[in-house]
Every structure is written in C-alpha cells, then in structure tokens.
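The sequence shown begins at 6 in our numbering and counts up by one.
All C-beta atoms in this analysis are idealised placements derived from N, C-alpha and C, irrespective of residue type, glycine included.
The structure appears below as structure tokens.
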Amino acid sequence: MLRTLRRTLRPAGLRIPARRFAAGIAALPPTAREALGVDITAGEAIAYHRGRVATATAIALYRSGYTLPMPDDDLNDAVRALDFPFSAPSPETRAYIRAALAVLEADYTISVTR
Numbered sequence: 006m007l008r009t010l011r012r013t014l015r016p017a018g019l020r021i022p023a024r025r026f027a028a029g030i031a032a033l034p035p036t037a038r039e040a041l042g043v044d045i046t047a048g049e050a051i052a053y054h055r056g057r058v059a060t061a062t063a064i065a066l067y068r069s070g071y072t073l074p075m076p077d078d079d080l081n082d083a084v085r086a087l088d089f090p091f092s093a094p095s096p097e098t099r100a101y102i103r104a105a106l107a108v109l110e111a112d113y114t115i116s117v118t119r
C-alpha cells in the first residue's frame, strides 16, 4: 500500500526522448570486472559503475536538450527511465551526472546531430 501511495503522490516522471540506438537501449560500457579485472576493490567497482551509469545518463540528457542546473528528482527519474540494471541514484551518481553534463555543455566541439 505504501508503494501505491508513493506512486500516487509522486510528480510525473521525466521523459527522455533521446534517440535510441539501433539495438534498442544504449549499451553500457563493460562491467568493472570486465574492464578492470578481478583484482579490483569494492570501492573501485562502485565508483566505476556509478561513473558508467552517470555518463550514459548525462549523454542521454544532453541529446534530449537538458542542461544544468537540474533538480535531484529529475536526475533520479532520468537514471530510472534508462532502466540500467542495479542502478539506484545516489548523491555520488547525481554528482557524476552533473559533472559529465557540465563537460558536455562546456566543450564547444560536441554537438547533437539528428
């Protein structure tokens, strides 16, 4: 019942009309174990996974025309809308998303083509 109540009280979600890749949902980079090997620490793996989810989310937001500043709720909705496995928005993930968006916005050589 609490879940139903939360859904009822929650404002409408953020829609990301980003162009999908030919295969459907954009593929994430390899997992931490695949990219860094089996000898990585838990902290390194967590940081890597947050970074890869945040980067993919920032690119989708940038392609969709979103710019900074963005409220935490919108960033949370963006992560959830992309439906990445085991992705739970955290303060660190939101900070990574904001940093990646800032880089995309600051670099004049990056543009969205349709």
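Practice prompt. May I ask you to report which of helix, strand or coil DSSP gives P96?
Written response: Correct three-state label for P96: helix.
Discussion item. For E110, which residues in the same chain have their Cβ closer than 8 Å to its Cβ, ignoring the five residues on either side in sequence?
Written reply: Only Y67, T72 and L73 meet the Cβ criterion.
Fill in: Distance CB(P94)-CB(N81) smaller than 8 Å
Yes, they are a contact pair.
Worksheet entry | Endpoints, the alpha helix (DSSP H) within which G48 is located | G48 -> alpha helix (DSSP H) spans A47 to R68.
Worksheet item: DSSP on A82, reduced to helix/strand/coil?
Response: The sequence shown places Asp at residue 82, not Ala. Residue state, collapsed to three classes: helix.
Item to complete: Locate the alpha helix (DSSP H) running through L41, then write down its first and last residues.
Response: Residues A37 to L41.
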